[in-house]
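The opening position of the sequence shown corresponds to residue 7 in the numbering used here, with each subsequent residue numbered one higher.
We treat Cβ as the ideally placed atom computed from N, Cα and C, and that holds for glycine.
Take a look at the structure set out below.
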Amino acid sequence: MRRFNALFIFIAVATFSGVGDAQGAQLNVSVYNDAGVAPPMLNKAEFVAATVLARAGIHVTWEKCSAPGTSAYPCDHPDIGRQLSLRITPTT
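So, in structure tokens, the structure goes:
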């Protein structure tokens, strides 16, 4: 569960940063799963986050990004102002 602290921090930042001021706002999130979280667990976390943000009028699109140094459009070409990066790292 600690691995998802970053996801919940992201939700708080997105919610309180004014991203949701306009109804129907679009937010793209590049997800770097460096911790190797199982896809079903990651999908569930994304669903929960998207549900919370939808209540604030924010539609979220999740982009699965590959390891650093590899090409993964749109991860390599972020839409500045509408793109957030979420890196899930293993705990130490």
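Looking only at its own chain, which residues have a Cβ that is under 7 Å from the Cβ of E52, when we skip the five neighbours before and after it?
On the sequence shown, residue 52 is found 46 positions in, with the first residue counted as 1. Cβ neighbours of E52 beyond the five flanking positions: W68.
Under the rule that 16 or more other beta-carbon atoms within 10 Å means buried, what is S36, buried or exposed?
On the sequence shown, position 30 is the one that residue 36 refers to. Counting Cβ neighbours within 10 Å, S36 comes out buried, since at least 16 surround it.
For S91, which residues of its own chain have a beta-carbon under 6 Å away from its beta-carbon, when the five flanking residues on both sides are left out?
For the purposes of this step, residue 91 is taken as residue 85 along the sequence shown, with counting starting at 1. If we look at S91 and ignore the five residues flanking it on each side, its Cβ neighbours are S36.
Are there 16 or more other CB atoms within 10 angstroms of the CB of A44, so buried, or fewer, so exposed?
Numbered from 1 along the sequence shown, position 38 holds the residue referred to as residue 44. Counting Cβ neighbours within 10 Å, A44 comes out exposed, since fewer than 16 surround it.
Taking the DSSP output, what are the residues bridged to R93?
What you label residue 93 is simply residue 87 of the sequence shown in a count that begins at 1. Partner(s): Y38.
Taking buried to mean at least 16 other C-beta atoms within 10 Å of its own C-beta, is M47 buried or exposed?
As a first step, residue 47 is located in the sequence shown; it is residue number 41 there, counting from the start. Classification of M47: exposed, given that the 10 Å Cβ count is below 16.
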